[in-house]
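Below is one structure; the comments refer to it alone.
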Amino acid sequence: MKKLLFQFDTDQHPAVFDTVVAYDGGADHVVGFGGLTPDNVGSLVEGAIFTRAPKDKKNTAIFIGGSNVTSGQHLLNAVQKKFFMGFQVSVMLDSNGCNTTAAAGVATLASSVSLVGKKAVVLAGTGPVGQRAAVMLAKEGAEVTLTSRHIFSAEEACYAMRERFGVDIRPLEAPDCDTRGDAIKDAQIVFATGAAGVELLKPAHWENNDSLEILMDANATPPLGIGGSDMMDRGEIRHGKILWGAIGFGNFKLALHRACIGNLFEANNQVLDAENIFALAKQMAK
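Under numbering that gives the first Met the number 0, think of the first position of the sequence shown as 0, with each following residue one higher.
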């Protein structure tokens, strides 16, 4: 029986990236739908859960993507509300790579240094990857600060994470390189999660910072988020710090994403969100 993955995207067009990884992860056919909301997804879910016998439902799965993690979370909730006893399929949330990128990144950080009790700063962290990275760092025992150009955006993101995951993350307004440099002065860990092609730190802001132990940048589009780093950095030691670039941990992110897709077809009752995707990442990182 064919393994069918239905790609539910909150944006107008389903992401090509997610489609490619879905095939590489073991799906036989991927069918994408864009512009989905909690109000219009119901009939699609019903089509997925009513068409195969109970023993065969594990061969149908749903992937939720899009650029906005809050919209993705609402769509996931709406999909789950359509499930009932014996009529459900496995579903995965990874809006803009939020869970797989953050999980791969934080699991990599945790395999390099202990996170417990460390001060961690997630730069430009109000996007999907930044929010989930902040949550995972906090869950691992780090004291986390999340920066944004605007304090209200940082506060909104931190409130949403506290409501969803029960973690306390400190919001901080840092609109330029100098204020972000000040934000990391006492930190041991920096995870840059800004928009592609935006420099968040210049070399002078981190090279001579004696408190820093490890820096990671999720941006692979020049200029990089952390000036003086390299997208290919894979645990390189530079100025006494461990550096990881987007490509350096990107292979792990892709492997994790593919593994999650494969797991969707092992049973029909799985919900892959931040918690269990991160758990799988930590297991794979060992």
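Virtual Cβ for every residue (Gly too), placed ideally from N, Cα, C.
Just the Cα atoms here: how many angstroms apart are residue i and residue j?
i	j	result
Gly234	Val105	13 Å
Arg161	Ile168	8 Å
Thr107	Ile213	11 Å
Ala173	Ala182	7 Å
Ala21	Asn207	42 Å
Gln282	Ala109	11 Å
Arg293	Ala52	Coverage of the chain is limited to positions 0 through 285, which leaves residue 293 absent and any answer about it impossible.
Phe49	Ala284	37 Å
Gly247	Gly24	20 Å
Pro221	Ile236	21 Å
Leu35	Leu255	25 Å
Do residue i and residue j have their C-beta atoms within less than 8 Å of each other?
i	j	result
Lys184	Ser210	yes
Gln72	Phe32	no
Val40	Leu3	no
Val128	Cys97	yes
Leu287	Ala156	It is not possible to answer for residue 287, since the shown part of the chain is limited to 0 through 285.
Ala280	Ala103	yes
In terms of residue numbering, what span does the alpha helix (DSSP H) encompassing residue i cover?
i	result
Thr18	15-23
Leu253	249-263
Gln72	68-80
Gly96	First-last for Gly96: undefined, no H or E at that position.
Val29	Taken as a continuous stretch (DSSP letters only), Val29 belongs to no alpha helix (DSSP H), being part of the beta strand (DSSP E) at 28-32.
Ala131	A small correction: the amino acid at residue 131 is Arg; Ala does not occupy that position in the sequence shown. Residues 127-138.
Leu145	Segment 142-147 is the beta strand (DSSP E) holding Leu145; no alpha helix (DSSP H) there.
Round the Cβ separation of residue i and residue j to the nearest angstrom and send it over; I've been treating them as touching at under 8 Å.
i	j	result
Leu287	Gly140	This structure does not reach residue 287, given that the chain is present from 0 up to 285, and the question cannot be answered.
Leu136	Gly224	Actually they are not in contact, since the Cβ atoms of Leu136 and Gly224 sit about 17 Å apart, beyond 8 Å.
Ala245	Asp216	6 Å
Gly126	Thr192	6 Å
How would you write the range of the beta strand (DSSP E) that residue i sits in, first residue to last?
i	result
Gln6	3-8
Ala119	118-122
Lys56	Premise fails: Lys56 is in no beta strand (DSSP E) and is neither H nor E.
Gly165	No beta strand (DSSP E) contains Gly165, which DSSP labels as neither H nor E.
Threshold first: 4 residues or longer. Then list the alpha helix (DSSP H) segments lying entirely within the stretch 176-207, N to C. 176-182, 202-205
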